[in-house]
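Here is the structure we will look at, set down as structure tokens.
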Amino acid sequence: MAKHNVFEDMAGYGRADLAGTYSSTARARAGMDPAQVDAPLAELLERGYVIVHDALDPETLRRVRDAVTARFAHAGGRNNFEGFRTRRLYGLLDKTDTCDPILIHPLALALLDRVLLPNYLVSQAQAIEILAGEDAQPLHYDDAFYPIPRPRAPLGAATIFAIDAFTEDNGSTVLLPESHRWGERAPAPEDPRVAAVMPPGSMLFMLGTLWHGGGANRTHASRLAVTVQYCQPYLRTQENYFLSMSRERVKRASPDMQRLLGYDIHGPFMGFVNGMHPLRVLE
Ligand SMILES: O=C(O)CCC(=O)C(=O)O
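At position 246 of the sequence shown the residue is numbered 277 (my numbering), and the sequence of numbers has no breaks.
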């Protein structure tokens, strides 16, 4: 017997014209040929990650670099996961709008549209600068804090944009290909590992179930990246954007960014404010 969803007849919660807008990133992807998505998607589903070069133009790269390097406030992290010789800029989206093009990158959204449910959310965004001499970060997978056993479909996905070149030695993300399919097991020494070597402006996109970690930086220079994590629309996000982003800032954001920040309804009624569509609070 077909499974009946008791809520499926409840459309248009709140205001019809607003509730009807949920789920679409068509604006951001306008002009993107679906064929451009097929090859990276196939690679992503096969290996658990894909690297795409020239995802950012040089001017955006320069602006992002200037904006984030000016704002780093700490010399290092608080534990070996953050990295004692790694600078992290949390709350990135509130501190600068320079990284908005990274958050709503058309190819990232096109891939997210295919691996997560409509109305997926931004879970966190940060800049990560791995400084000279940093040790390798403990291996992990990003959606591990949701207590749902593996193997399973990813509950999230992430991008890592190379602002500096990622080389074999400077802390490139270490990836364990195909580990997104693993059950409840940790990496073993014999599991193949790949360094995400890529030129500046490249995007690494990986599923939330893929084992990975920041690499050791054995050079004398630092490695700068901007990373964004996204999650299914029914999950709690890592950063609480309703508290960390002012309404003025959200008002300035694009419709896609507003949706990612949770200013939308995940039908039929997740995310409402006082029984109505959340965009009303910005009016
Ligand atoms: O910086 C990197 O290459 C990866 C960082 C990472 O996976 C994390 O901090 O969760």
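Glycine included, each C-beta is placed from N, C-alpha and C at the ideal position.
Ranked by Cα distance from Asn-201, the options Ala-256, Ala-70, Leu-310 are led by Ala-256. Counted as a single uninterrupted DSSP element, the beta strand (DSSP E) harbouring Tyr-80 occupies residues 80-83. Using a C-beta cut-off of 8 Å, the stretch 237-252 makes contact with the stretch 186-198, since at least three inter-stretch Cβ pairs fall below that distance.
Contact between the stretch 280-293 and the stretch 222-238 is not established, with fewer than three Cβ pairs separated by less than 8 Å. Here DSSP, grouped into helix, strand and coil, assigns Arg-212 to helix. Inter-segment contact for the stretch 244-264 and the stretch 138-158 is present: three or more beta-carbon pairs are separated by less than 8 Å.
The three-state secondary structure of Arg-224, taken from DSSP, is coil. Each of Ile-159, Thr-204, Gly-245 has a C-beta closer than 5 Å to some heavy atom of ligand 1; these make up the full list, in chain order. If you draw a straight line from the Cα of Ile-296 to the Cα of Asn-248, it is about 43 Å long.
By the CB criterion at 8 Å, Glu-215 and Arg-181 fall inside the cutoff.
Beta-bridge pairing by DSSP links Asn-110 to no other residue.
If the five residues before and after Ile-133 are omitted, its C-beta is found closer than 6 Å to the C-beta atoms of Phe-192, Val-257, all from its own chain and listed in chain order. Scanning the stretch 240-305 from its first residue to its last, the whole beta strand (DSSP E) runs of 3-plus residues come out as 254-262. The C-alpha of Met-276 lies about 44 Å from the C-alpha of Glu-221. Take Val-81, set aside five residues on each side of it, and the residues of its chain with a beta-carbon closer than 6 Å to its own are Pro-71, Glu-74, Leu-75, Phe-236, in chain order. Ranked by Cα distance from Ala-252, the first of Val-95, Ala-86, Ser-203, Gly-79 is Ser-203.
Non-local C-beta neighbours of Gly-107 in its own chain, meaning closer than 6 Å and more than five positions away in sequence, comprise Phe-115, Arg-116, ordered along the chain. Assigned with DSSP and collapsed to three states, Arg-119 falls in strand.
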